[in-house]
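Residue numbering for the sequence shown follows this note's numbering, starting at 1 and increasing by one per position. First up is the structure itself, then whatever we jot down about it.
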Amino acid sequence: MEKIIEFLTWAEDKGWEVEKRTDRELTLTNEIVNRYPVIPEQFVQFLKLVDTCVAADEKSWFLCVNDYNREVELAFSWDEFEKISLESACDDDSWKQEITNFWDRYLPIALSVRNGYTFYAIDLGSEFGSIVCGYEPEFEEVEQIASSFDQFLDKIMKNSLNF
């Protein structure tokens, strides 16, 4: 929790739009809970604290409860890049299954349009809790960029990511 508070203070100081939640209870839709039954505690704490977290230039943002619950109409849904990939697969059911399996393992936590479409996601598989990054056009080809959510926040604060 300490790293999250440090990050939010840093973000506000840098001109980010940060809105904190008044209701600290986390309620996610069945769509999210059923697909991602175990979410790392660090990110759960972030979701409990933050309603909105958008970079000052509005080109990168964290996904929050309202995004996952589809409570607001946005240009990009939390699963936007999965939808794009599935659309690209057309009628290839095998490819569609591979895409779905990939996104079942990776929970998107942040999106960016700074240098094309980019996402950051938490690995819920063998590298549980690590953060990966993927880019268009092959969203399902990712690289690990942090071993934890706290390390991800650190890297953003140190400007070592193009976030």
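C-beta atoms are modelled at their ideal positions from N, C-alpha and C, and glycine is treated no differently.
For Thr-118, the number of other beta carbons within 10 angstroms of its own is at least 16, and it is reported as buried.
For Ala-121, the pairing in a beta bridge is given by DSSP as Pro-108 and Val-132. Beta-carbon to beta-carbon, Phe-46 and Phe-128 are separated by about 16 Å, too far to satisfy the 8 Å threshold. By the C-beta density criterion, Cys-64 is buried, having at least 16 other C-beta atoms within 10 angstroms. Per DSSP, Ala-56 has no beta-bridge partner at all.
Looking from the CA of Phe-81, the closest CA among Lys-3, Val-33, Phe-102 and Ile-5 belongs to Phe-102.
Secondary structure at Lys-83: helix, using DSSP grouped into helix, strand and coil.
DSSP links Gln-144 through a beta bridge to Val-132. By the criterion of a C-beta distance shorter than 7 Å, Ala-56 is surrounded in its chain by Lys-14, Gly-15 and Trp-16, once the five residues flanking it on both sides are discounted. If you look at Glu-17, you'll find it in the beta strand (DSSP E) that goes 17-20.
In this structure, the alpha-carbon of Trp-78 lies about 15 Å from that of Glu-136. Beta-bridge analysis with DSSP links Val-65 to no other residue.
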